[in-house]
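Trainee: Numbering (full-length UniProt numbering), first residue to last: 1 to 114.
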């Protein structure tokens with residue numbers, strides 16, 4: 001019975017990626033974090049699952065070894081990233097049901113998204 005309850009509580013959590021959104025992310029001020037979009041999270045999670053060192057998002061390189069977001073055109077512009085567990089909401093469950101089908105159909109021929 002204990003393992004069933006554990007499975008249920010784990011299914012209510014999801015992995016979410018966020019970037020530090022402070023103007024100067026390496027300053028001493030308290031960190032502010034901004035969550036990536038659902039699609040961006042999916043791309044980052046897929047790269048992690050496939051043991052890739054990087055993911056590519058809208059002009060940024062997500063360096064999974066260093067946990068940094070790097071601007072593709074200026075590698076000196078970097079931000080820390082992190083992966084956290086968040087409570088899954090009902091709307092997330094509905095999105096997840098349909099998003100995989102639509103996403104893979106639309107992007108299956110583009111290796112950057114796989």
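Where is the CB? At the ideal position from N, CA and C, for every residue including glycine.
These numbers were taken from a predicted model, which means no experiment stands behind them.
In chain order, which continuous runs of the alpha helix (DSSP H) of length 4 or greater are located wholly inside the UniProt domain "WWE" (29-83)?
Mentor: For the UniProt domain "WWE" (29-83), whole alpha helix (DSSP H) runs of length 4 or above, ordered along the chain, are 38-49.
Trainee: Using only the alpha-carbon positions, how far apart do residue 70 and residue 79 sit?
Mentor: Here residue 70 refers to the residue found at position 70 of the chain shown. Here residue 79 refers to the residue found at position 79 of the chain shown. Taking the straight line joining both Cα atoms gives about 7 Å.
Trainee: Got a sec: does the ligand MG put a non-hydrogen atom nearer than 7 Å to the Cβ of residue 16?
Mentor: For the ligand MG, the structure offers nothing, since it holds no ligand at all.
Trainee: Under 8 Å between the Cβ atoms of residue 68 and residue 53?
Mentor: As a position in the chain shown, residue 68 is number 68, starting the count at 1. As a position in the chain shown, residue 53 is number 53, starting the count at 1. No, these two residues do not count as a Cβ contact at 8 Å.
Trainee: Since residue 125 and residue 83 are thought to touch, with beta carbons under 8 Å apart, how far apart are those beta carbons, to the nearest angstrom?
Mentor: Past the edges of the chain, shown from 1 to 114, lies residue 125, and the structure says nothing about it.
Trainee: Tell me the rounded alpha-carbon separation between residue 51 and residue 86.
Mentor: Reading the chain shown from its first residue, position 51 is the one you call residue 51. Reading the chain shown from its first residue, position 86 is the one you call residue 86. C-alpha separation (whole angstroms): 22 Å.
Trainee: Hey, quick one: how far does the beta strand (DSSP E) through residue 19 stretch, first residue to last?
Mentor: On the chain shown, residue 19 is found 19 positions in, with the first residue counted as 1. 13-20 is the extent of the beta strand (DSSP E) around residue 19.
Trainee: Could you tell me the alpha carbon to alpha carbon distance between residue 81 and residue 20, rounded to whole angstroms?
Mentor: If you number the chain shown from 1, residue 81 lands on position 81. If you number the chain shown from 1, residue 20 lands on position 20. Cα to Cα, the separation comes out at about 6 Å.
Trainee: Restricting to Cα atoms, I'd like to know which of 62, 22 and 13 is closest to residue 145.
Mentor: The question about residue 145 has no answer here: the residues shown for the chain are numbered 1 through 114.
Trainee: Rounding to the nearest angstrom, what Cα-Cα distance links residue 77 and residue 12 in this structure?
Mentor: As a first step, residue 77 is located in the chain shown; it is residue number 77 there, counting from the start. As a first step, residue 12 is located in the chain shown; it is residue number 12 there, counting from the start. Using only the alpha carbons, I get a separation of about 35 Å.
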